[in-house]
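See below for the structure under consideration.
In the UniProt record's numbering, the protein residues as written are 1 to 359.
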């Protein structure tokens, strides 16, 4: 609590002192060699420390990672490669923190869903007499379901924003990696950051695929549970009917009862075998489906990365052609100036010698 209070006071002080400076440079990248850089980092960490929601923290870390990448580009343009290498290391740390926050956000969401399901199961087990209170309970359940759906939609929207941001960072890193004016050490750091980002994206896609399979398993288990309860209820009803028949005519129904039990056992055995076979088929289909989805997503990610690489190569080629044209133009201008200067020198020399100019 003391830490949050101190950070809050520090943040307020920073905003009052540096408000004018940040207002003038809101759209500019602050590099580490500038005076306000340490202040901007302090503000980022303060905002992160005061944010409790896991997804909000992930979005903040994603924003900060984008800022570090912009600072890397700026320091490279300034020729400060040593500072750029340090920023690359900081960038990788932000990616690791971002990945950790996303994992905790997934766990938090799963725990919330499990808690909601347990509450729903508890409500279903408690049978209340019909009254206005039941209507209010149903309305409350509908409201909870709507809140869960809205939360899931917000989660999906935030995850889509993070994926789009990561894709843009991949394009920028690929463009930096293809620059010819960078030393190999800097390129190695950028290549490592690109590889780590790709690995994090693949882990995320794999986790989403596994979660989808897990959700399907839970739905299937719920359906199986309902079917088992239905079968149990049918068995109880059959047993009750059998007891009535036994009381009416025990001797006459003895043979019939035995046959019914025999048929019942055979049907039950047949259902069990069919159910086991269906489970095996569904499990195999789900595994193939999950593997195929994960592979498709990975292939799409690789295809996007290749497209980004091709675009970067095209841009570099155009830039080289433009540079060649500008060089040829400069050489042509230089030749013209040299010829003009030579002509002026000849005219000057002829004037000094007293000869007329025939040019």
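Glycine included, each C-beta is placed from N, C-alpha and C at the ideal position.
Find the nearest neighbour of residue i within the set the options, judged by alpha-carbon distance.
{"i": "residue 313", "options": "240, 273 and 174", "result": "174"}
{"i": "residue 208", "options": "310, 267, 85 and 159", "result": "159"}
{"i": "residue 179", "options": "339, 73, 336 and 33", "result": "73"}
{"i": "residue 162", "options": "76, 148, 64 and 143", "result": "64"}
{"i": "residue 166", "options": "99, 316 and 327", "result": "99"}
{"i": "residue 110", "options": "143, 223 and 148", "result": "148"}
{"i": "residue 199", "options": "212, 81, 298 and 222", "result": "298"}
{"i": "residue 257", "options": "267, 268, 326 and 243", "result": "243"}
{"i": "residue 263", "options": "40, 235, 154 and 44", "result": "235"}
{"i": "residue 31", "options": "76, 255 and 333", "result": "76"}
{"i": "residue 80", "options": "253, 33, 104 and 350", "result": "33"}
{"i": "residue 145", "options": "115, 225 and 170", "result": "115"}
{"i": "residue 172", "options": "153, 68, 206 and 43", "result": "68"}
{"i": "residue 181", "options": "38, 153, 78 and 151", "result": "78"}
{"i": "residue 188", "options": "89, 261 and 339", "result": "89"}
{"i": "residue 155", "options": "185, 186, 112 and 177", "result": "112"}
{"i": "residue 227", "options": "270, 275, 327 and 184", "result": "275"}
{"i": "residue 305", "options": "341, 237 and 168", "result": "168"}
{"i": "residue 170", "options": "326, 307 and 321", "result": "307"}
{"i": "residue 210", "options": "320, 45, 106 and 279", "result": "106"}
{"i": "residue 152", "options": "185, 164, 108 and 184", "result": "108"}
{"i": "residue 197", "options": "66, 348 and 354", "result": "66"}
Per DSSP, what kind of secondary structure is residue i in: helix, strand or coil?
{"i": "residue 30", "result": "coil"}
{"i": "residue 354", "result": "coil"}
{"i": "residue 25", "result": "The predicted position of residue 25 is uncertain, since its pLDDT is 41 and thus under 50; no value can be drawn from it."}
{"i": "residue 215", "result": "helix"}
{"i": "residue 189", "result": "helix"}
{"i": "residue 97", "result": "helix"}
{"i": "residue 249", "result": "coil"}
{"i": "residue 46", "result": "helix"}
{"i": "residue 53", "result": "coil"}
{"i": "residue 316", "result": "helix"}
{"i": "residue 179", "result": "coil"}
{"i": "residue 80", "result": "coil"}
{"i": "residue 36", "result": "coil"}
{"i": "residue 127", "result": "Residue confidence is low: residue 127 scores 49 on pLDDT, short of 50, so the model does not pin down where it sits. No coordinate-derived value is stated."}
If contacts are defined as beta-carbon pairs under 8 Å, then residue i and residue j qualify, I think. What distance do you get, rounded to the angstrom?
{"i": "residue 253", "j": "residue 246", "result": "6 Å"}
{"i": "residue 101", "j": "residue 61", "result": "6 Å"}
{"i": "residue 282", "j": "residue 220", "result": "7 Å"}
{"i": "residue 56", "j": "residue 29", "result": "About 24 Å separates the two Cβ atoms, so there is no contact after all."}
For residue i, which residues in the same chain have their Cβ closer than 8 Å to its Cβ, ignoring the five residues on either side in sequence?
{"i": "residue 202", "result": "298 and 301"}
{"i": "residue 212", "result": "290 and 293"}
{"i": "residue 104", "result": "54"}
{"i": "residue 59", "result": "158, 161 and 162"}
{"i": "residue 206", "result": "294"}
Closer than 7 Å by C-beta to residue i: which residues in its own chain qualify, once you throw out the five before and the five after it? Chain order, please.
{"i": "residue 21", "result": "Note that residue 21 has pLDDT 40, beneath the 50 cutoff, so the model's placement of it is unreliable and the number below is only indicative. Closer than 7 Å at the Cβ level, and outside the excluded window around residue 21, lie 36."}
{"i": "residue 177", "result": "187, 190, 191 and 194"}
{"i": "residue 309", "result": "174"}
{"i": "residue 341", "result": "none"}
Report all residues from its chain with a CB closer than 6 Å to the CB of residue i; omit the five preceding and five following residues, and keep chain order.
{"i": "residue 231", "result": "none"}
{"i": "residue 25", "result": "Its pLDDT being 41, under 50, residue 25 is placed unreliably in this model, and the coordinates cannot settle the point."}
{"i": "residue 337", "result": "none"}
* For the stretch 208-225 and the stretch 288-303, state whether three or more C-beta atom pairs, one from each stretch, are separated by less than 8 Å. => Yes, the stretch 208-225 is in contact with the stretch 288-303.
* Flag this pair as touching only if the stretch 94-105 and the stretch 183-201 have three or more C-beta atom pairs under 8 Å; answer yes or no. => Touching, yes.
* Asked: Are three or more beta carbon pairs between the stretch 36-52 and the stretch 79-89 nearer than 8 Å?
  -> No, because fewer than three Cβ pairs between the stretch 36-52 and the stretch 79-89 fall closer than 8 Å, the two stretches do not touch.
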